[in-house]
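Let me begin by presenting the structure, written as structure tokens, before commenting on it.
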Amino acid sequence: MVLKVKIFKSRYYDSVKLLNVSKETSKLEGIEAAFLVMATDANKNLLKSLNLMTDEVSKAGNDDLVIAVKSTDETQADKAMNFAERMLLAGEEENVKFESLEEALFKIQDANIVMISTPGRYVFDIAKKALEHNLNVFIFSDNVPLGDEIELKKFASSRGLLCMGPGCGTSIFYGKVLGFGNVIKEGNIGIVGASGTGIQEISVLIDRHGGGITSAIGTGSNDLTKDVGGLTTKLALKLLGEDDTTKVIVVVAKLPDVFVAQEVLRTASSYGKPVVACFLGLKKETFIETGDNVIVVDTLEDAANYALKSVGMPPPKGLPLPALEEVNTKMKKLRDQQIYIRGIFSGGSLCYESQLIISKYLGRVFSNSPIRADWKLEDPMKSKEHTCVDMGAEEFTEGRAHPMIDPTLVKERIIEECKDPNVGVILFDTILGYGCHRDPASELCEAIRAGKVHAGGEVIFVTSVCGTEKDPQGYKYQIDLLKEQGVIVANSNAMATMLAVHVISRGRVGVGVNQ
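Mapping of the sequence shown onto the working numbering: position 230 corresponds to residue 232, and the numbering continues sequentially without gaps.
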């Protein structure tokens, strides 16, 4: 076996482009593995785990590009290396490029949003310049210093501009998706969220039960922290509050600061419209003085249901619950020692929601993004007891594509968790929509098949598919693929988690009548 590695100093490429070139290079004859990644610590750990690490790679810096090829012989390795380099350059001349923001604005004079996806350290200067040109900004980038975020949001707020992000995964305006998002029917429900997959889960459930949205405005996960103070959220609420088409406003966030959340609810309620709030990690009893037009709920599913109810939609009937007989049959095959749930998530808010539900019934849940500080995993690569891992957290995504785009790390984690003889349920999310992998179920099923081999016995796989009928991946098609592998597919992440709890409790905890 031959390993070829090349390092290109200070040569940055978008992680999606690197992913695509890696996949095409891997298909070449005689190539066992091919990876093109930025030399971040997370990617170095990945290369090490795949036996692709060299001294050159270990010394490379975050801004350096690594091309690693493993082949059956040296000639094929050289061909693959040349192929990868050519692919990186291919198409660059045909793409429309501008030398500056000013040039882009001259050519596209009606633009009003700038979408930013660069390494975090470059974000401030780009975003500040865009705001100075009276453009709203959507910052997809992570790893932006908090001080930069606060300064940008204060400046944007002073000009009445939206600063969505940093770390903003989803926004939808007039049916157009920025970042990750689903094909959602137009309607009369507006969403504001410091949670990308929170927005996605709520919006797809609204769509699936006959409703629709006006806009979904992402704010970035830090927006409702004490330091940021909900600056973007308040402006987004103003926009939806003054919009005649929006009849109901939904607010969603993951563990916001209590006082900021209360202030946000006061702002939302002041517009006189029904407001549904889901603050994952805060008990709804915390908000006792919120106004008669405000309701606070515990789950993303409840947020969607109450929003539908507020616009006069009939309560969702729910699709048939996966036959409990089938679930219970699988459950009876578990060994006595299989007492733990392992959750593997691409969506941070879905991971958080599952932790809250599992801990309510089964006790502590460890995580790299825990609901309690003392439940934090010492090593995010190693699970213990009940664990829910957010594979979209920064320690897994720095220098590589998000798992919603490239599920490689999710697949590896599924296989690894199946090796633990104490694991009874593998709980995971399957996320569809623009920006996501074109066929996530096929990728996940590949890992499930491999995991079953390593398990040496029955392991129950449970998921929900966050998507709609019009998503490009095919909602029903994705579900059918998963069911063919024996996966239990629920209609929401909350119900999928309840099914996992039901199994691990050996039926002592029920699952309700709707899904």
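We put the beta carbon where it would ideally sit given N, CA and C, even for glycine. None of the values given here were measured: they were computed from a predicted structure.
Got a sec, what are the start and stop residues for the alpha helix (DSSP H) residue i sits in?
i      : result
VAL260 : 260 to 271
LEU429 : Premise fails: LEU429 lies in the beta strand (DSSP E), 425 to 433, not in any alpha helix (DSSP H).
ALA498 : 495 to 506
ILE152 : 148 to 160
PHE108 : 103 to 109
LYS256 : That residue, LYS256, is in no alpha helix (DSSP H); its beta strand (DSSP E) goes 250 to 256.
ILE481 : 477 to 486
PHE398 : 396 to 399
Going by DSSP, what residue range makes up the beta strand (DSSP E) through residue i?
i      : result
VAL461 : Segment: none, VAL461 is in no beta strand (DSSP E) and carries neither H nor E.
ILE208 : Note, ILE208: premise wrong, no beta strand (DSSP E); alpha helix (DSSP H) at 198 to 210.
GLU188 : 188 to 195
ARG415 : Segment 410 to 420 is the alpha helix (DSSP H) holding ARG415; no beta strand (DSSP E) there.
THR216 : 215 to 220
VAL7   : 4 to 10
THR172 : 172 to 175
GLY345 : 342 to 347
ILE490 : 490 to 492
VAL511 : Here VAL511 belongs to no beta strand (DSSP E), and DSSP marks it neither H nor E.
SER73  : 67 to 73
By the 10 Å Cβ neighbour count, where 16 or more other Cβ atoms means buried, how is residue i classified, buried or exposed?
i      : result
GLY459 : exposed
ALA92  : exposed
THR292 : buried
GLN480 : buried
ILE351 : Inspection of the sequence shows that residue 351 is occupied by Ser rather than by Ile. So SER351 counts as buried.
LEU321 : With a pLDDT of 45 at LEU321, under the threshold of 50, the modelled position of this residue cannot be trusted, and the question is left open.
VAL455 : exposed
SER73  : buried
ILE201 : buried
TYR124 : exposed
ARG2   : Shown here, the chain extends from 3 to 517; a query on residue 2 therefore has no answer.
GLU244 : exposed
LYS486 : Correcting the residue type first, residue 486 is Glu in the shown sequence and not Lys. That one is exposed.
GLY63  : exposed
TYR176 : exposed
GLY212 : exposed
PHE430 : buried
Mind checking whether residue i and residue j have CB atoms under 8 Å apart?
i      : j      : result
GLY426 : GLN340 : yes
THR248 : LEU239 : no
VAL491 : THR465 : yes
ALA196 : ASP225 : yes
ALA270 : VAL253 : yes
GLY345 : CYS390 : yes
SER356 : PRO405 : no
ILE215 : LEU302 : no
VAL206 : LEU364 : no
LEU237 : LYS156 : no
ASN424 : TYR342 : yes
GLY435 : PHE182 : yes
Quick one: what does DSSP say residue i is sitting in, helix, strand or coil?
i      : result
MET55  : coil
GLU367 : Per the sequence presented here, residue 367 reads as Val, with Glu not at that position. VAL367: coil per DSSP, three-state reduction.
GLU387 : coil
GLY243 : helix
GLY183 : strand
GLY122 : helix
VAL467 : strand
LEU321 : Note that LEU321 scores a pLDDT of 45, beneath 50, so its modelled location is shaky; the value from the coordinates is reported in the next line. It is coil, neither helix nor strand.
MET315 : coil
VAL296 : strand
MET83  : helix
ILE407 : coil
LYS29  : coil
ALA35  : strand
ASN138 : strand
TYR15  : coil
CYS280 : strand
MET333 : helix
ASN22  : helix
GLY453 : helix
GLN517 : Legend: pLDDT at GLN517 = 40, less than 50; position of this residue unreliable, no value from coordinates given.
ALA113 : coil
GLN289 : In the sequence under discussion, the amino acid at residue 289 is Phe, which differs from the Gln named in the question. Note: PHE289 maps to coil in three-state DSSP.
MET89  : helix
ASP392 : strand
CYS165 : strand
Practice item. Answer yes if the stretch 377 to 394 comes into contact with the stretch 7 to 26, meaning at least three C-beta pairs across the two stretches below 8 Å, and no otherwise. Key: no
**Study point:** Sufficient close CB pairs (3 or more, under 8 Å) joining the stretch 158 to 168 to the stretch 125 to 142
**Key:** yes
Practice item. Flag this pair as touching only if the stretch 305 to 315 and the stretch 147 to 164 have three or more C-beta atom pairs under 8 Å; answer yes or no. Key: no
Review point. Does the stretch 28 to 35 come close enough to the stretch 71 to 82 to have 3 or more Cβ pairs within less than 8 Å?
Key: yes
Check your understanding: For the 8 Å Cβ check, are there 3 or more pairs between the stretch 55 to 69 and the stretch 97 to 116?
Key -> no
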